[in-house]
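Take a look at the structure set out below.
Residue numbers (the working numbering): 2 to 139.
Below, the structure is given as C-alpha coordinates:
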(Lines of atoms letter the chains of each structure in order from A and count residues from 1; the text may use other names and numbers.)
(Lines give C-alpha, C1' and ligand atoms only; values in the text may rest on other atoms or scores of the structure.)
Protein backbone atom coordinates (compact mmCIF):
# COMPACT_ATOMS: atom_id res chain seq x y z
CA UNK A 1 0.00 0.00 0.00
CA UNK A 2 1.37 3.39 -1.00
CA UNK A 3 1.46 6.55 1.09
CA UNK A 4 -1.59 8.79 1.53
CA UNK A 5 -3.98 6.11 0.28
CA UNK A 6 -7.59 6.82 1.30
CA UNK A 7 -10.04 3.93 1.57
CA UNK A 8 -13.66 4.58 2.47
CA UNK A 9 -15.24 1.58 4.19
CA UNK A 10 -16.92 -0.72 3.55
CA UNK A 11 -14.98 -2.16 0.63
CA UNK A 12 -13.33 -5.45 -0.32
CA UNK A 13 -9.63 -5.36 -1.17
CA UNK A 14 -7.92 -8.68 -1.94
CA UNK A 15 -4.12 -8.70 -2.29
CA UNK A 16 -4.09 -5.70 -4.64
CA UNK A 17 -1.50 -2.95 -5.03
CA UNK A 18 -2.61 0.63 -4.41
CA UNK A 19 0.11 3.16 -5.21
CA UNK A 20 0.61 6.58 -3.59
CA UNK A 21 -2.38 8.90 -3.16
CA UNK A 22 -4.98 6.46 -4.49
CA UNK A 23 -8.60 6.98 -3.41
CA UNK A 24 -11.02 4.05 -3.10
CA UNK A 25 -14.68 4.86 -2.44
CA UNK A 26 -17.20 2.78 -0.49
CA UNK A 27 -18.62 -0.51 -1.75
CA UNK A 28 -15.70 -1.06 -4.14
CA UNK A 29 -14.23 -4.51 -4.74
CA UNK A 30 -10.67 -4.84 -6.01
CA UNK A 31 -9.52 -8.40 -6.57
CA UNK A 32 -6.16 -10.14 -6.22
CA UNK A 33 -3.25 -8.94 -8.34
CA UNK A 34 -4.83 -5.66 -9.47
CA UNK A 35 -2.50 -2.65 -9.58
CA UNK A 36 -3.86 0.89 -9.28
CA UNK A 37 -1.39 3.63 -10.23
CA UNK A 38 -0.58 6.72 -8.18
CA UNK A 39 -3.18 9.48 -7.84
CA UNK A 40 -5.97 7.38 -9.35
CA UNK A 41 -9.50 7.58 -7.94
CA UNK A 42 -12.03 4.77 -7.84
CA UNK A 43 -15.56 5.82 -7.01
CA UNK A 44 -18.21 3.84 -5.14
CA UNK A 45 -19.74 0.55 -6.26
CA UNK A 46 -17.03 -0.25 -8.81
CA UNK A 47 -15.74 -3.80 -9.39
CA UNK A 48 -12.18 -4.42 -10.54
CA UNK A 49 -11.49 -8.08 -11.24
CA UNK A 50 -8.21 -9.95 -11.39
CA UNK A 51 -5.84 -9.24 -14.32
CA UNK A 52 -6.57 -5.49 -14.41
CA UNK A 53 -3.94 -2.76 -14.19
CA UNK A 54 -4.89 0.90 -13.97
CA UNK A 55 -2.35 3.63 -14.73
CA UNK A 56 -1.59 6.85 -12.89
CA UNK A 57 -3.99 9.79 -12.47
CA UNK A 58 -7.02 7.82 -13.66
CA UNK A 59 -10.65 8.38 -12.68
CA UNK A 60 -12.96 5.38 -12.41
CA UNK A 61 -16.57 6.55 -12.01
CA UNK A 62 -19.32 5.10 -9.86
CA UNK A 63 -20.41 1.56 -10.69
CA UNK A 64 -17.75 0.80 -13.31
CA UNK A 65 -17.40 -2.94 -13.98
CA UNK A 66 -14.23 -4.59 -15.27
CA UNK A 67 -14.70 -8.04 -16.83
CA UNK A 68 -11.92 -10.59 -17.38
CA UNK A 69 -14.05 -13.43 -18.74
CA UNK A 70 -15.44 -13.44 -22.30
CA UNK A 71 -17.67 -16.49 -21.65
CA UNK A 72 -15.93 -18.25 -24.55
CA UNK A 73 -17.54 -21.57 -23.69
CA UNK A 74 -21.06 -20.21 -23.24
CA UNK A 75 -20.84 -19.51 -19.51
CA UNK A 76 -18.50 -18.34 -16.79
CA UNK A 77 -14.97 -19.73 -17.15
CA UNK A 78 -14.10 -21.81 -14.11
CA UNK A 79 -10.58 -22.10 -15.52
CA UNK A 80 -8.70 -18.84 -14.94
CA UNK A 81 -6.47 -19.68 -17.92
CA UNK A 82 -9.39 -18.48 -20.06
CA UNK A 83 -9.47 -15.07 -18.39
CA UNK A 84 -7.91 -12.09 -20.21
CA UNK A 85 -6.03 -8.98 -19.05
CA UNK A 86 -7.13 -5.35 -19.09
CA UNK A 87 -4.58 -2.54 -19.15
CA UNK A 88 -5.66 1.05 -18.58
CA UNK A 89 -3.11 3.76 -19.44
CA UNK A 90 -2.39 6.98 -17.56
CA UNK A 91 -4.82 9.92 -17.37
CA UNK A 92 -7.83 7.83 -18.38
CA UNK A 93 -11.33 8.80 -17.18
CA UNK A 94 -14.09 6.20 -17.20
CA UNK A 95 -17.65 7.43 -16.65
CA UNK A 96 -20.17 5.91 -14.28
CA UNK A 97 -21.66 2.50 -15.05
CA UNK A 98 -19.27 1.76 -17.92
CA UNK A 99 -18.35 -1.87 -18.57
CA UNK A 100 -14.77 -2.63 -19.59
CA UNK A 101 -14.11 -6.00 -21.21
CA UNK A 102 -10.55 -7.38 -21.49
CA UNK A 103 -8.91 -4.59 -23.53
CA UNK A 104 -5.98 -2.18 -23.59
CA UNK A 105 -6.82 1.53 -23.32
CA UNK A 106 -4.04 4.01 -24.17
CA UNK A 107 -3.17 7.17 -22.22
CA UNK A 108 -5.44 10.21 -22.31
CA UNK A 109 -8.78 8.56 -23.09
CA UNK A 110 -12.25 9.51 -21.82
CA UNK A 111 -14.93 6.80 -21.72
CA UNK A 112 -18.51 8.09 -21.48
CA UNK A 113 -20.93 6.98 -18.78
CA UNK A 114 -22.72 3.72 -19.54
CA UNK A 115 -20.34 2.76 -22.35
CA UNK A 116 -19.30 -0.81 -23.10
CA UNK A 117 -15.67 -1.07 -24.21
CA UNK A 118 -15.23 -4.23 -26.27
CA UNK A 119 -12.07 -3.46 -28.28
CA UNK A 120 -8.63 -1.98 -27.64
CA UNK A 121 -8.43 1.82 -27.74
CA UNK A 122 -5.15 3.02 -29.25
CA UNK A 123 -5.89 6.70 -29.97
CA UNK A 124 -6.55 9.54 -27.49
CA UNK A 125 -10.14 10.70 -27.61
CA UNK A 126 -13.62 10.60 -26.19
CA UNK A 127 -15.38 7.25 -26.63
CA UNK A 128 -18.99 6.41 -25.82
CA UNK A 129 -21.77 4.00 -26.64
CA UNK A 130 -22.44 0.28 -26.78
CA UNK A 131 -20.08 -0.74 -28.16
CA UNK A 132 -17.90 2.27 -27.39
CA UNK A 133 -16.73 4.19 -30.45
CA UNK A 134 -14.68 7.32 -31.02
CA UNK A 135 -16.82 10.44 -30.63
CA UNK A 136 -13.99 12.91 -31.13
CA UNK A 137 -10.24 13.20 -30.76
CA UNK A 138 -8.72 15.25 -27.96
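Ideal Cβ positions, reconstructed from N, Cα and C, are used throughout, including at glycine.
| field | Own chain partners of residue 9 with C-beta closer than 6 Å, once the 5 adjacent residues on each side are dropped | value | The residue given as residue 9 occupies position 8 in the chain shown. These residues qualify, in order along the chain: 26, 27.
| message | Suppose contacts are defined by Cβ-Cβ distances below 8 Å. Is residue 14 in contact with residue 68 by that definition? | response | The residue you call residue 14 lines up with position 13 of the chain shown. The residue you call residue 68 lines up with position 67 of the chain shown. For residue 14 and residue 68, no; Cβs fall outside 8 Å.
| request: Closer than 6 Å by C-beta to residue 2: which residues in its own chain qualify, once you throw out the five before and the five after it? Chain order, please. | output: Looking up residue 2 in the chain shown gives position 1. Once the five neighbours on either side are set aside, the close Cβ partners of residue 2 are 19.
| Closest to residue 58 by CA distance: which of 104, 22, 97, 125 is it? | Within the chain shown, the letter at position 57 stands for residue 58. Among 104, 22, 97, 125, the Cα nearest to that of residue 58 is on 22.
| message | So for residue 54, helix, strand or coil by DSSP? | response | Within the chain shown, numbered from 1, the residue matching residue 54 stands at position 53. Shown here, residue 54 sits in a strand according to DSSP, grouped into three states.
| task | Over the uninterrupted beta strand (DSSP E) stretch that includes residue 129, give me the two end residues. | result | If you number the chain shown from 1, residue 129 lands on position 128. Its beta strand (DSSP E) spans residues 126-129.
| query | What three-state label does DSSP hand residue 81 in the structure shown? | reply | By one-based count along the chain shown, residue 81 stands at place 80. Here residue 81 sits in helix by DSSP.
| Who are the Cβ neighbours of residue 109 in its own chain at under 6 Å, not counting the five residues just before and after it? | As a working note, residue 109 is residue 108 in the chain shown. Closer than 6 Å at the Cβ level, and outside the excluded window around residue 109, lie 92, 125.
| Buried or exposed: where does residue 116 fall if 16 or more other Cβ atoms within 10 Å of its Cβ makes it buried? | Position 115 of the chain shown, counted from the first residue, corresponds to residue 116. With 16 or more other Cβ atoms within 10 Å, it is buried.
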